[in-house]
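Everything on this sheet refers to the single structure shown next.
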Amino acid sequence: MALLKRNRVVDPDAPGVRGPARIARQSSDFAGVRAGDVVVIDLPDLEVQDAEVLVAREVAAVVNVAPSSTGRYPNLGPQVLTSAGIHLVDDVGEGLFARLRSGEQVRVEGSAVFRGEELLATGIEMTGERISEGLTQASTELSNRLDSVTANASDQLRRERAMLFEGARIPRLQQSGRGRAAVIVADTFDVEDDLKGMRRFIRDNDPLLIGVGKGGDVIAGLGLVPHVVIGTDEQLTNSSIDKAREAVVVSPAGRLDHPERFEQHGTNAMVFAASGASEDLAILLADHNDADVIVLAGAPPTLVALLERDTADVGSAFVARLKAGTKVVDAKAVRFFAVQRLTWLVPFLLLLAGVVAVIAAVLTTPAGQVWWTDLRDLVGSGISWIEGLFS
1081 MALLKRNRVV DPDAPGVRGP ARIARQSSDF AGVRAGDVVV IDLPDLEVQD AEVLVAREVA
1141 AVVNVAPSST GRYPNLGPQV LTSAGIHLVD DVGEGLFARL RSGEQVRVEG SAVFRGEELL
1201 ATGIEMTGER ISEGLTQAST ELSNRLDSVT ANASDQLRRE RAMLFEGARI PRLQQSGRGR
1261 AAVIVADTFD VEDDLKGMRR FIRDNDPLLI GVGKGGDVIA GLGLVPHVVI GTDEQLTNSS
1321 IDKAREAVVV SPAGRLDHPE RFEQHGTNAM VFAASGASED LAILLADHND ADVIVLAGAP
1381 PTLVALLERD TADVGSAFVA RLKAGTKVVD AKAVRFFAVQ RLTWLVPFLL LLAGVVAVIA
1441 AVLTTPAGQV WWTDLRDLVG SGISWIEGLF S
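Just so you know, this note's numbering puts 1101 at position 21 of the sequence shown, and the rest follows in order with no gaps.
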């Protein structure tokens, strides 16, 4: 919705919800929200968890510069707000952030946002009826989408039966994955955070690092060496080819069009004759090369994110994960357990250090020295007794 740049005189006693504006673009900004605030957010497809936080903080109204429901899937966040009696105005546009500061008194009436007599922005008033209609439409579209994905996946299972069940056309790497984990890295906005959180896992387990397209550059950018890069000829960068030990070129035609690219970098190149998204073929590659665990860094973490891809790609993703089965783990899960392990390790080490310090302090006392002498004599007697058994 466009912002209105002219002022409009309004009745100061006009109906509506009043309160201090609170700019909280993302859910991480909700800590500063207080009861009675008119919260201005930028959260497309408002999630239930975020809506529940706003309800718990007893806000007066919520103004979203983005659509609270885009129709991609049936999200219940808007319904949580309106069911709690919180006025919700949608899709007012990001320009509101430039015209409004936290703490300024505003009034929300219907689909309009006012500051005094000035009309700042208009959007869409999200009533219960409008939200219900949107949920019904989103559910129908999601169902249709799932039907298309299911049909595509079934077709792919028929066409690629030999590859999926016999490993036909899947390259054999020089570096075996047997007894190792494989970490598949796709170039997405949060993949570096995933990898940084997995440093301990990578250091302790020496996994097979597989970069998808520019994912090889992401791996190298963190000071690691990509064992394999995989992608179409267009997806693979010269820098990732140069750093990788092996390259797998995805080609539906089954040919390597530019072998000189790999020869000049001294990188062994193989052809993966298949169609589908490179990140999904990377899963099949890791599985075929006997990886015990396949960790996905940068892959779509949710069903909704997965369904946003092209229908054919969604089908290949479903089939690849079905083939690899329980081997597939998301990088965020690995990060979680790495943090838990570290969380328990630190207190244990502190406790151990404290025990050692207490023992050392006790041994400096006369009584402690007597105990130490008695313990040393006891251990010495035990050793002598054991030696006597074998003499």
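Cβ coordinates follow ideal geometry from the N, Cα and C atoms, glycine included.
Each of Leu1288, Ala1379, Met1350, Ala1371 was checked against the Cα of Asp1360, and the nearest Cα belongs to Ala1379. Pro1339 sits exposed, since fewer than 16 C-beta atoms from the chains shown fall within 10 Å of its C-beta. Residue pairing for Asp1410: DSSP places it in a beta bridge opposite Leu1376. Looking at the DSSP output, Val1186 sits in a beta bridge with Gly1099. DSSP places Gly1208 outside any beta strand (DSSP E); the residue lies instead in the alpha helix (DSSP H), whose first and last residues are 1208-1239. According to the DSSP assignment, Asp1170 belongs to the beta strand (DSSP E) that extends over 1167-1170. Across the structure, Ala1413 and Met1278 are spaced so that their CA atoms are roughly 10 Å apart. Straight-line measurement puts the Cα of Ala1262 at about 13 Å from the Cα of Ile1310. CA-to-CA, the gap between Ser1108 and Leu1161 works out to about 18 Å. Rounded to the nearest whole angstrom, the C-alpha separation of Glu1246 and Asp1227 is 27 Å. A straight line joining the alpha-carbon of Leu1200 with that of Asp1122 spans about 16 Å. Counting every other CB atom within 10 Å of its CB across the protein chains shown gives Asn1224 a total below 16, marking it as exposed. Ranking Arg1105, Gln1106, Arg1114 by CA distance to the CA of Gly1099 puts Arg1114 first. The Cβ atoms of Asp1367 and Lys1407 lie closer than 8 Å to each other. Its chain contains Arg1249, Ile1250, Ala1354, Leu1364 as the residues whose beta carbon lies nearer than 8 Å to that of Met1243, once the 5 sequence neighbours on both sides are disregarded; these appear in chain order. Below 8 Å, too few C-beta pairs join the region 1123-1142 and the region 1176-1185 to call them touching: fewer than three. Per the C-alpha coordinates, the member of Thr1150, Asn1232, Arg1241, Gly1301 positioned closest to Leu1275 is Gly1301. Nearest to Ala1333 by C-alpha distance, out of Ser1319, Phe1352, Arg1341, is Phe1352.
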